[in-house]
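Asker: Numbering (this note's numbering), first residue to last: 13 to 405.
Just so it is clear, CB atoms sit at the ideal spot from N, CA and C, and this is done for glycine as well.
From a predicted model like this one, the values you see are computed outputs, not experimental measurements.
And the structure:
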């Protein structure tokens with residue numbers, strides 16, 4: 013997938029430059045509105061400074077900020093051996109040189125995301141709801157999808173675009189709110205322009221600034237969402253190749269999208285990072301959607317057939333979507349070797365046992381004490397329990 017990595021780097025540069033032009037143009041128009049005859053350059057400078065600060069924060073602390081916002085906590089092998097084994101398997105299958113860190117979020121909603129601007133500093137995060145709801149094959153499909161994002165440097169691409177989008181939105185919001193709360197500023201410019209005979213020009217500048225402030229965030233969002241949707245298809249394709257079992261991810265997407273439970277700490281800024289939109293009952297599609305329709309992704313994976321490969325995924329994508337190409341790198345299509353779809357792993361754990369293990373993991377991380385009575389009863393004691401003993405039931 014080296015070609016895909018290089019392609020992502022080129023797209024990162026092109027899209028970031030494109031968004032930068034939108035950002036600087038917005039700053040220039042707003043600056044010119046507030047200070048006609050030279051304020052445009054000042055506005056461009058202010059916009060550049062805001063973007064630089066946000067980009068620096070995203071580059072150096074973006075992963076930590078995202079993990080903190082989601083309430084994610086690191087786990088080790090002994091905390092959930094099945095999850096850690098699956099991550100290790102997919103790390104090997106994908107060819108990653110470094111084992112991603114693994115985090116868990118105490119949330120009933122099944123979902124997952126990846127962070128890390130570099131593979132050696134990457135992390136995979138899952139919710140407790142995901143561990144409780146998915147069997148091993150399904151979990152493997154989700155982890156393979158997230159590791160696909162890491163391999164492709166998708167996290168870096170989306171982080172930079174999200175930073176640009178956030179900066180544009182902040183500047184637009186500040187400008188529009190300032191007009192609402194300080195309407196006298198426009199009257200001040202209007203009165204001064206009347207003295208100089210430029211009232212009409214100032215009015216036109218005001219309309220242009222308002223239109224730019226409204227349209228710039230929308231244009232930036234459409235770019236961000238379009239890139240996000242394409243990244244999901246590519247990661248799905250990689251997951252089918254890494255696992256050699258497309259139905260695992262298809263079944264996982266079915267369960268996640270059908271859960272109908274929103275991720276509690278998700279936000280609009282982080283929604284595109286998840287494997288499925290983290291907000292319940294989201295019906296957006298087309299240009300305004302952060303993710304492709306789940307039913308389309310599921311149908312593609314289940315149309316792959318008896319062999320897994322990037323070309324097999326592309327053929328399935330064409331049959332379901334009726335489009336020419338999903339954008340698989342040509343080097344992968346030419347040099348790949350198709351592999352037979354493997355058999356499903358037997359489910360060694362019941363759904364109830366999976367839910368219990370996920371719940372116990374979160375209790376353990378929340379400092380619960382586990383005690384087994386002589387009668388065989390297992391007690392799960394919360395940290396706020398202050399008594400010296402517990403009576404046997």
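Would you call residue 362 buried or exposed, if buried means 16 or more other Cβ atoms sit within 10 Å of its Cβ?
Answerer: Label assigned to residue 362: exposed.
Asker: Is residue 126 helix, strand or coil by DSSP?
Answerer: Reduced to three states, the DSSP call for residue 126 is strand.
Asker: Considering just the uninterrupted stretch of the alpha helix (DSSP H) at residue 327, what are its terminal residues?
Answerer: 322-333 is the span of the alpha helix (DSSP H), which, as asked, contains residue 327.
Asker: Within 10 angstroms of its Cβ, does residue 22 collect 16 or more other Cβ (buried), or is it exposed?
Answerer: Residue 22 comes out exposed.
Asker: Taking the C-alpha atoms as reference points, what is the distance between residue 132 and residue 172?
Answerer: Their Cα atoms are separated by approximately 18 Å.
Asker: When the Cα of residue 377 is compared with those of 26, 72, 71, 88, which residue comes out closest?
Answerer: The shortest C-alpha separation from residue 377 is found at 88.
Asker: Drop a sphere of 10 angstroms on the beta-carbon of residue 186, count the other beta-carbons inside from all chains shown, and report buried for 16 or more, exposed for fewer.
Answerer: That one is exposed.
Asker: Taking DSSP's pairing of strands, which residues face residue 390 in a bridge?
Answerer: Paired residues: 384.
Asker: State the Cα-Cα distance for the pair residue 384 and residue 374, rounded to the nearest angstrom.
Answerer: Their Cα atoms are separated by approximately 18 Å.
Asker: Are the CB atoms of residue 128 and residue 260 nearer to each other than 8 Å?
Answerer: No, these two residues do not count as a Cβ contact at 8 Å.
Asker: Under 8 Å between the Cβ atoms of residue 241 and residue 304?
Answerer: Yes. Within cutoff.
Asker: Verify whether the separation of the beta carbon atoms of residue 95 and residue 137 is less than 8 Å.
Answerer: The answer is no: Cβ separation not under 8 Å.
Asker: Using the three-state DSSP reduction, which class does residue 116 fall into: helix, strand or coil?
Answerer: Three-state DSSP puts residue 116 in a strand.
Asker: Under 8 Å: do the stretch 351-358 and the stretch 264-284 share three or more Cβ pairs, one atom per stretch?
Answerer: Segments in contact, no.
Asker: Among all the DSSP beta bridges, which residues are the ones paired with residue 351?
Answerer: According to DSSP, residue 351 bridges with 320.
Asker: Could you name the residues of the same chain whose beta carbon sits closer than 7 Å to that of residue 35, not counting the 5 residues immediately before and after it, in chain order?
Answerer: These residues qualify, in order along the chain: 59, 63, 176, 179, 180.
Asker: Pull the bridge partners of residue 415 from the DSSP assignment, please.
Answerer: As displayed, the chain neither begins before 13 nor continues past 405, which places residue 415 out of reach and without an answer.
Asker: How would you label residue 43, buried or exposed, when you count the other beta carbons within 10 angstroms and need 16 or more for buried?
Answerer: Buried, since its Cβ has 16 or more Cβ neighbours within 10 Å.
Asker: Hey, how far is the Cα of residue 367 from the Cα of residue 191?
Answerer: C-alpha separation (whole angstroms): 52 Å.
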